[in-house]
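The structure under discussion appears below in the form of structure tokens.
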Amino acid sequence: MASLTEAGFGLAARDDKARDWGRGEQRAAIRKLAAAYWAAVFVSTSVLWGIAGTDPVESAPGKLASIAFALLLTIGMTWLLKRTLTRPLWQQAAAAFGLSLLAAPVSAVVDFFIYVVCVYPEPAYFDTREFAFGLIFGMSLFFGWCCLYLALSYSFALADGERRMAALREEALSAQMRALAYQVNPHFLFNTLNSMAGLIEEGANTNARAMVLQLSGFLRKTLSLDPTEDIPLREELALQSDYLAVESTRFSDRMNVVFSVEDAAQDVRVPPLILQPIFENAVKYGVGATRGAVEIALRAEVKDGALALTVENDVPMDMAGTMPPGMGIGLRNVADRMATHFPEGAMLSSGYVRPGRFAVSLTLPLVRS
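Counting from 19, one number per residue, gives the positions in the sequence shown under our numbering.
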């Protein structure tokens, strides 16, 4: 329970940090967009006034003052529009239109007073048509800004939602991988405890004690693993060697283990304990089901750009062509972990290579350190 709580707090902390970073990025983008927007207005109006016969240099101070005031209005409008971002789109559009309708006459009046100051001491005349033109022009500018702001806010909200969904998918995938991996330990533990019980019933207390010590060492290693972190194949095989050492205490005279591993495959990374259920099946349905010697052979090689792992073991001849019900549980666990860890490029196959010989083959993508 504590680990789940810590994971929840970790996810919340990462989410808050990502949200704060996103808000800071959004504020910076809005400031840059506002500066670029009104700079474009200044340049375009200067060019148009120049074409109309007005000296753009002489008119620059007045236009700068007018645009500075418009920028202040923009800040206020943006602050108010921000309060509508959680509302439906039509309400945001209505708010943008209403704010533009209010800001336009204020800006037009200020523009006229700036014009009066700029032409002083010449007399200034109020032209209704020019004022109306300024009103319409100003409203179009403010409404254009509102549309840009809402579009930018929507794009950031969409990106934030995608980041959150990606984080949730990653967290869900991690939880699924942990759940699948943690199914291994109880299954293995039950099998080993049954083996210990068998040794005790047989009176082999020395062997039972050795198995307890080997089991404690193996569990110490496996419990320290992170199911979401891949490990080199050599470490995975070392873990499986420890497991087989536990089982060999009971079946030492009948279990022959052979590992054949290419050097190129040693450092390929694999999910931890991915081979555990396969070796458990080999011991339970191979060694445990026969009275004679049983070979368990692993072959690992890099083939056709992938890691090929094959585990073969002898089984009773009367099992040829059939699979015991319990064997499929472990193989299904391996297949589920592979599908979760490698959505593409992983494959599991199993079956009899000949009567009395069962094989499980894994094909995994090449992932190196």
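Every residue, glycine too, gets a C-beta built ideally from N, C-alpha and C. The model shown is predicted, which means the values in this text are computed figures rather than measured ones.
Bridge partners - residue i, DSSP secondary structure assignment
i	result
D332	R375
R386	V286
M365	T381
S278	R317
M273	V312
L257	For L257, which the question treats as bridged, DSSP gives no partner whatsoever.
Y370	F376
I249	V288
L325	V320, L382
Cβ-heavy atom distance, residue i to the ligand ATP, below 7 Å
i	result
A54	Of the ligands one can find in the structure shown there are none, so the ligand ATP has no counterpart to examine.
Chain-order list of residues whose beta-carbon lies under 6 Å from that of residue i (same chain, five-residue window excluded)
i	result
V371	A377
V329	I296, L316, V378
I314	V275, A300, N331
A111	none
T96	Y167
7 Å Cβ shell around residue i - same chain, five flanking residues per side excluded
i	result
V352	I292, P295, I296, L366
P383	A324, F360, G363, A364
G152	A126, D129
L233	T210, V264
Q109	T102
L132	At residue 132 the sequence reads Ile, which differs from the Leu that was named. Excluding sequence neighbours, I132 sits near G80, A83, S84.
R386	D285, V286, R287
F277	L255, L316
Cβ shell of residue i (< 8 Å), same chain only, five flanking positions each side left out
i	result
V320	E280, A282, A283, V286, A326, L384
K239	L257, D260
L349	P295, I296, N299, L366, S368, V378
L217	N223, N225, A226, M229, T267, R268
A175	L103
L98	A113, L117
R375	E330, N331, D332, V333
Buried/exposed call for residue i, threshold 16 Cβ in 10 Å
i	result
T210	buried
A88	buried
S118	buried
G369	exposed
T146	exposed
K100	exposed
T92	buried
S270	exposed
K18	The requested residue 18 does not occur in the structure, where the chain is confined to residues 19 to 387.
Y303	buried
P79	exposed
A86	exposed
P245	buried
M214	buried
I48	buried
A53	exposed
G156	buried
L380	buried
L251	buried
E247	exposed
S171	buried
A184	exposed
W18	The structure shown has nothing for residue 18, since the chain only spans 19 to 387.
L262	buried
V305	buried
F236	buried
F208	exposed
A121	buried
A318	buried
Whole-Å CB distance - residue i paired with residue j, under 8 Å assumed
i	j	result
V59	L159	6 Å
I249	P290	5 Å
R268	M229	7 Å
D332	V312	4 Å
C165	A113	Wrong, their Cβ atoms sit about 12 Å apart, outside the cutoff.
Residue-chain proximity (residue i, chain C), Cβ-Cβ < 8 Å
i	result
A122	Protein chains in the displayed structure number just one, and chain C is not present.
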